[in-house]
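The opening residue of the sequence shown carries number 1 in the UniProt record's numbering; numbering runs sequentially from there.
Worksheet: one structure, shown below.
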Amino acid sequence: MPDDAISKDGEAEEAKPMNQTEAAIAAAKAAYDPRAALSEAVISALKSCYDPEIPVDIWELGLIYRVDIGPNNEVEIDMTLTSPMCPVAGELPMQVQQAVASVEDVTTCKVELVWEPPWHQGMMSEVARVQLDMF
1 MPDDAISKDG EAEEAKPMNQ TEAAIAAAKA AYDPRAALSE AVISALKSCY DPEIPVDIWE
61 LGLIYRVDIG PNNEVEIDMT LTSPMCPVAG ELPMQVQQAV ASVEDVTTCK VELVWEPPWH
121 QGMMSEVARV QLDMF
């Protein structure tokens, strides 16, 4: 009951604190969000993909521009490469598609290679900058 709840007799009532069991159940319900769990699993799969010339995963490099998960767990990804002349342009999107499609509960995965906006080093995460000694 919210802090400003009104009892049947019109008096303000204090909210009752939850006991430990009720609190544990509420926490478990809040923590288990299947969409969030699937999103985390998809990101984990993306983090398993690397450009072979750069020892940082594509997520931290900032090569993933968009990840959409549809109502039937179909995943659509927009990604780019560090350069249009990247030698892995033919294989990296396929690797990403296979990694994400292998995630439990993902029904389909479509990867679109995009060039706008052009990738630049500022898109890398702090983790990537540290790994590459680029401060």
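Quick reminder that beta carbons are idealized off the backbone N, C-alpha and C, glycines included.
Every value quoted in this text rests on a predicted model; they were computed, and no experiment measured them.
- L92: member of the alpha helix (DSSP H) spanning 92–101, first to last residue.
- Its chain contains D51, L63, V88, A89, L92, L113, W119 as the residues whose beta carbon lies nearer than 8 angstroms to that of L81, once the 5 sequence neighbours on both sides are disregarded; these appear in chain order.
- Here DSSP, grouped into helix, strand and coil, assigns L61 to helix.
- Note that the C-beta distance between C109 and Q97 is below 8 angstroms.
- Between E76 and the set W115, S44, V67, the nearest pair of CA atoms involves V67.
- Annotation: V111 is outside any alpha helix (DSSP H); the continuous beta strand (DSSP E) that includes it extends over 108–113.
- At the C-beta level, A128 and E60 come within 8 angstroms of one another.
- Contact between V103 and A37 is absent: CB atoms are separated by about 10 angstroms, not below the 8 angstroms threshold.
- For V42, the uninterrupted alpha helix (DSSP H) segment begins and ends at 34–46.
- V75 has I69, C109 as its beta-bridge partners, per DSSP.
- Taking C-beta separations shorter than 8 angstroms and ignoring five residues to either side along the sequence, the partners of V100 in its chain run V42, A45, L46, V75, I77, V106, C109, V111, following chain order.
- The alpha-carbon of S48 is positioned some 11 angstroms away from that of P55.
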